């Protein structure tokens, strides 16, 4: 029994292993934080989790098995970076600026980040050598210590906003570094090509859940929010809002960690888990889509991917979202962290208008002011998600409470993408978590051995992990501190040389 | 309809105003975070909220009306301060150390804290001039910026642990300063005499709820955890676990903010409130009591109040807890923040043993190793409290989500001590919140005017607010930075004088 995307992949595996499963879903649809809206005017649109890429082998294998194809997000042309009211076109991973120190600074920050995340064991981040130090710092403190230039500080903040839909001052450095590590590296999580945003599913990501629903058929009970979970040595008894009860040998709870609070447990959860579930708030995100007559950005040599780093503009990131055949030209926008909170009480019409107004500045054309369609999902308003994309950790939580996340409790096993070790927070993490929890149940029932619970996933061949081509410049470029030392040293040598020549 | 201590004071006021009320209580007892255990061997003991003092006029008025008397906590003799394995006796508010800089540093930190908290409007802390700056800092960052000596850093950390049962690196500076402000000042919240710990209730604090229960009689429904709250323009429909439903014109929800997640709302809560309730975790606290044959500490001239600042010892604060007539000699101990999390999976016997072992060191006698009784409550294990004493805010939450806390939603009004403006987190705050929410309902029903909702409480004469006698030394003593400048300046003058005399 389970709820959400991870729950369905868990139930599918148990069902295939011959177990008798029931899936209890709170909403009137399957899919959880993936949500494909459909309408004749735009065909379909993912207003929730949507992207997949290399190293996300579990979701790629599962979707392929279910007959769902991926396509590559359009990448022809330049990226955009928007800051202080002005737009820069660039290629490569990180934006370029007029001030040469800014690029050095950004390059150094991410190079350093990708170096130190390697110290973190993905299945036990609390065991990292510097876990105590990092968990008692916010990401903002790290940014202030590592970055010299305003441009770099702003861009790293935008990077945090984009990846965890929170402000850097709100989250633990240890948790954030672990999160990046679980997604491989800062490049892998950020990039479109060869990164987390490389592909989308033809027809939308919610189809994965819908096809599993079809397989499991009436074993899936929609609109069955669970209010009570009782267990004894023999079984688990689950009660839904309408009073219906279900009895099972084992229960996989597959919801975002903070939603455990929605259920009353008997016996009550262990103390640390009882406190953990109050300490893992979901991020703040509104995802929207604006459709236009034509893909005017493509005509200008812009691929549609942009990062916005001023901390003021409504949308923090955009991605091209034309259908694979070029139809329904659209731009996906992410309103994140503080910006999402600021516009929570606006109407969708107001958010559409502000988005288009911003796009006119970003893409440099009034064509952006003439949308032909708009859709959005404010995930902060969803009681059965609590927010998007994932649960977040403020300082101190990971080292003090993190270990509780996957620890079985009696006949309960815990899934949900937050319990994954790879691509936690993503669809791929949901599949890892769901399948691992399913195998924990199979192990508890004596069907498989303990060492079969965790399984390595072979690479999905059609979407291979290509090593990033990091240039020599990126590798050897000094940090701003280093550059200043070099300049000072060079200056001293020049002055000394001049002085020596004068004295001669 | 309501749950908890604040809920009962709310229901009492509405009942007296002639409304028809029903109180739904999740537990099999009233009292919420006040919990008086009874046993012939020790008569009674408060293992939850217990202390009252000057300026807590609402709870003093209410308890007096219900015929419950207070008594003063024993204060004859010295305080103890325990740090780095050694004990110091002291009198006055803050501990004294061999290193004179340590006292200067502590005195300066709290003097500065009491100065800056005055900038914070108690009903709208997000409007403080420095709200943005303070809400994006942890209290630890402030400690590191303000304190020079290790002793002061440790003591301020112990002060944070003791007042909010969290580590300074876990909480927002703005929230913490507001919390101290809501309790008047650092001295008022910390002190026994003339402070928050001046008095206790004869017979235990839970009697207050029990006597209101008696007045309301079978209008109070125990063991009725609420799982669903539906409302329309006309009424509110509440469903409990056992399927019983109650219909009302208005509903006062009086639970700790994170426990709103326990209930499924229709329509769902507004987006910011839906996210707020995931961002207000309860503190971590185990409160215990050890009884002895004799009050051996009193015989040694020690009053039993101690602060422990090494960050290692199990108990962070102790208070004498002999009954007013001197019977049942006992020591109340608070296990807080990281220490509470460390010993969560110990048995009560193990915690008793470790507590007594520490008391032998603290009080300097093996008599502490021979307890005649032990009681405790691990509040982290309580599903219907989530922790103790109060909900806490990590960086960013107060400025982004704080405004939602008291905002009515349709026919719902919100109580719980966390929504109070004075002594939030305390019994007094619970009464403020409960009565204010009750008057919000009366206003909505046209029984009172809007300006009658918030009412000033006259001083409770038997327990007056005495201004603190802050010595001239405390007022004018320099900070460590100031002292060092003074010393440097004096040194320069001395050297200059000597040099001048030599040259003459």
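Residue numbers (the working numbering), protein chains in the order written: chain B, 83 to 586; chain U, 83 to 586.
Heads up, the beta-carbon is just placed ideally off N, CA and C, and yes, glycines get one too.
Remember, it's a predicted structure, so these values are computed and weren't measured experimentally.
CB of residue 386 of chain B within 8 Å of CB of residue 126 of chain B, strictly: no
Three or more C-beta pairs below 8 Å linking the region 438-452 of chain B and the region 475-482 of chain B: no
Closest Cα partner of residue 138 of chain U within the set U:530, U:420, U:282, U:417: U:282
Below-8 Å beta-carbon distance, residue 418 of chain U vs any chain A residue: No chain A is part of this structure, whose protein chains are labelled B and U.
Short CB-CB distance (under 8 Å) between residue 569 of chain B and chain U: no
Chain-ordered residues of the region 468-501 of chain U with a beta carbon less than 7 Å from chain B: 468, 469, 476, 477, 478, 482
Counted within 10 angstroms of its Cβ, other Cβ atoms place residue 276 of chain U as buried (16 or more) or exposed: buried
Rounded C-alpha distance that separates residue 426 of chain B from residue 210 of chain U: 23 Å
Residue 513 of chain U, buried or exposed, once every other Cβ within 10 Å from all chains shown has been counted against 16: buried
Between the CA atoms of residue 208 of chain U and residue 429 of chain B - distance to the nearest angstrom: 24 Å
8 Å Cβ cutoff met for residue 229 of chain B and residue 367 of chain B: no
Close beta carbons around residue 189 of chain U, own chain, < 7 Å, minus the five adjacent residues each side: 176, 556, 559
Residues within the region 227-252 of chain U neighbouring chain B, beta-carbon criterion of under 7 Å: 249, 251, 252
Selection from U:528, U:192, U:264, U:251 that minimises the alpha carbon distance to residue 205 of chain U: U:264
Boundaries of the alpha helix (DSSP H) in which residue 423 of chain U is found, first to last residue: 420-424
Helix, strand or coil at residue 85 of chain B according to DSSP, with G and I counted as helix: Low confidence applies here, because residue 85 of chain B scores a pLDDT of 46, under 50, leaving its location unreliable and the question unanswered by this model.
Residue 369 of chain B - partner residues in DSSP beta bridges: B:416, B:459
Ranges of the alpha helix (DSSP H) found wholly within the region 235-265 of chain U, counting only runs of at least 4: 255-264
Neighbourhood of residue 295 of chain U by C-beta, 6 Å cutoff - its chain only, sequence neighbours within 5 removed: 112, 302
Buried versus exposed call for residue 504 of chain B [16 or more other C-beta atoms within 10 Å across all chains shown]: buried
Contact between the region 118-134 of chain B and the region 374-382 of chain B (3+ Cβ pairs under 8 Å): no
Proximity below 8 Å, CB of residue 293 of chain U to CB of residue 148 of chain U: yes
Of the listed residues U:298, U:241, U:326, nearest to residue 103 of chain U (C-alpha basis): U:298
Of the residues U:231, U:257, U:399, the one placed nearest residue 201 of chain U, counting alpha carbons only: U:257
8 Å Cβ cutoff, residue 75 of chain B in contact with chain U: One cannot answer for residue 75 of chain B here, as it falls past the ends of chain B, which runs 83 to 586.
C-alpha gap between residue 463 of chain U and residue 331 of chain U, whole angstroms: 34 Å
Residue 366 of chain B at chain U interface by Cβ criterion, 8 Å: yes
Distance CB(residue 123 of chain U)-CB(residue 455 of chain U) smaller than 8 Å: yes
Member of U:284, U:167, U:220 whose CA lies at the smallest distance from the CA of residue 151 of chain U: U:284
Of the residues B:569, B:523, B:540, B:531, the one placed nearest residue 318 of chain B, counting alpha carbons only: B:523
C-beta neighbour in chain U for residue 323 of chain B, strict 8 Å: yes
Cut-off 6 Å between Cβ atoms - residues of its own chain near residue 561 of chain B, not counting five sequence neighbours on either side: 190
Spatially closest choice to residue 458 of chain B from B:530, B:479, B:118, B:105, by CA coordinates: B:118
Chain-ordered chain B contacts of residue 459 of chain U [CB-CB under 7 Å]: Those within 7 Å of residue 459 of chain U in chain B number zero; the least Cβ separation is about 11 Å.
Counterpart residues of residue 330 of chain U in DSSP-defined beta bridges: U:318
Own chain partners of residue 155 of chain U with C-beta closer than 7 Å, once the 5 adjacent residues on each side are dropped: 274, 279, 280, 281, 282, 401, 402
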